[in-house]
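Engineer: Just dropping this structure here.
Residue numbers (the working numbering): 669 to 957.
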């Protein structure tokens, strides 16, 4: 009887140990499945993050502050101005050697431009008259005559008209009938970039011009004379008859100054970039190839 009771207790303990062993194996299998599932989910998240290249996804955009999504989607394409140059104390006008700088030929146009440079003022202004065949020269020959460090300093001013605008004047830079474009001779204007430069001044949901609403073409010779007050190929931004908004290539920001037209076909004007920005308040962006 005692022996029978001991045998019964032993068999019961064996069965309990078997059940505990089975439960332990089940828990191990369950833990393994949970671990595998978690790794898979983390892997998918990691792959998704890599595919997004670290950029905010839709889920992250939902948590962005109001207005931040629009700001992130549309960054400014415009470049800031360089710091202004101080006006020299006692500045009273631009000094010109008529014989050396103007080849002995001073005109009423040049005298008027010098007066404007004194009153505006434009301390950095310099004038240089070139031979009649100047435009038949290479850019390197023109550079040497003007004493410029590089041909990139040579720029041209073009007056262009938006043939599709409803504007009748130049009072609104965001939608002007005409624009004055300043680019280097070494660069080629990109029509798409120019269109974007004009359109992006207005927010997308606040009256932005449509792509079809901007079609820029070089103004006719007569239009150029009327707007500038100067003859053909003699346009200079100083003393324009009409205040035409100026659009400038961002590449000039790499230079201390540039050479432009000087009011006569054979006269060139040098002006510093800080002075150009201070006086004419141009819009600066990438508008060339």
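Using N, Cα and C, we set each Cβ at its ideal position, and we do this for glycine too.
In this text the structure is predicted, and so the values were computed from the model without any measurement.
How is the beta strand (DSSP E) around residue 885 delimited, first residue to last?
Structural biologist: For the purposes of this step, residue 885 is identified with residue 217 of the chain shown, where counting begins at 1. Counting along the chain, the beta strand (DSSP E) containing residue 885 begins and ends at 884-886.
Engineer: Quick check on DSSP: helix, strand or coil for residue 760?
Structural biologist: Taking the chain shown and counting its residues from 1, the one referred to as residue 760 is at position 92. Looking at residue 760 - three-state DSSP - the assignment turns out to be coil, as it is neither helix nor strand.
Engineer: Would you call residue 953 buried or exposed, if buried means 16 or more other Cβ atoms sit within 10 Å of its Cβ?
Structural biologist: For the purposes of this step, residue 953 is identified with residue 285 of the chain shown, where counting begins at 1. So residue 953 ends up on the buried side.
Engineer: Could you give the DSSP three-state label for residue 889: helix, strand or coil?
Structural biologist: Taking the chain shown and counting its residues from 1, one reaches residue 889 at position 221. If DSSP states are grouped into helix, strand and coil, residue 889 belongs with the helices.
Engineer: Pull the bridge partners of residue 915 from the DSSP assignment, please.
Structural biologist: As a working note, residue 915 is residue 247 in the chain shown. The partner list for residue 915 (beta bridge, DSSP) reads 849, 951.
Engineer: Consult DSSP for residue 877 and reduce its assignment to one of helix, strand or coil.
Structural biologist: To locate residue 877, count along the chain shown from 1; it is residue 209. Residue 877: coil per DSSP, three-state reduction.
Engineer: Using the Cβ count rule (16 or more neighbours within 10 Å means buried), how would you classify residue 839?
Structural biologist: Mapped onto the chain shown, residue 839 falls at position 171. It is exposed - the Cβ of residue 839 has fewer than 16 other Cβ atoms within 10 Å.
Engineer: So the candidates are 886, 793, 902, 864; which of them puts its Cα closest to the Cα of residue 955?
Structural biologist: Here the question's residue 955 lines up with position 287 in the chain shown. Residue 955 has its Cα closest to that of 864, out of 886, 793, 902, 864.
Engineer: If distances are taken between C-alpha atoms only, which option among 746, 785, 957 comes closest to residue 853?
Structural biologist: Taking the first residue of the chain shown as position 1, residue 853 is located at position 185. Ranking the options by Cα distance to residue 853, first place goes to 957.
Engineer: Could you check where the beta strand (DSSP E) with residue 939 kicks off and where it finishes?
Structural biologist: For this step, residue 939 is matched to residue 271 along the chain shown. Residue 939 -> beta strand (DSSP E) spans 935-940.
Engineer: Tell me the rounded alpha-carbon separation between residue 909 and residue 901.
Structural biologist: Counting from 1 along the chain shown, the entry for residue 909 is found at position 241. Counting from 1 along the chain shown, the entry for residue 901 is found at position 233. Straight-line Cα distance between these residues: approximately 15 Å.
Engineer: Of all the options 765, 936, 913, 857, which has the alpha carbon lying nearest to the alpha carbon of residue 945?
Structural biologist: The count along the chain shown starts at 1 and reaches residue 945 at position 277. Checking every option, the nearest Cα to that of residue 945 belongs to 913.
Engineer: Report all residues from its chain with a CB closer than 8 Å to the CB of residue 949; omit the five preceding and five following residues, and keep chain order.
Structural biologist: Position 281 of the chain shown, counting from 1, holds the residue named residue 949. 914.
Engineer: Within this structure, are the beta carbons of residue 923 and residue 821 separated by less than 8 Å?
Structural biologist: Counting from one through the chain shown, the residue named residue 923 turns up at place 255. Counting from one through the chain shown, the residue named residue 821 turns up at place 153. It is a contact, given that the beta carbons lie within the stated cut-off.
Engineer: How big is the Cα-Cα spacing for residue 766 and residue 857?
Structural biologist: Start at 1 with the first residue of the chain shown, and residue 766 comes out as number 98. Start at 1 with the first residue of the chain shown, and residue 857 comes out as number 189. When rounded, the distance between both Cα atoms is 35 Å.
Engineer: Let me know the secondary structure DSSP gives residue 856 once reduced to three states.
Structural biologist: Working through the chain shown from its first residue, we reach residue 856 at position 188. Reduced to three states, the DSSP call for residue 856 is coil.
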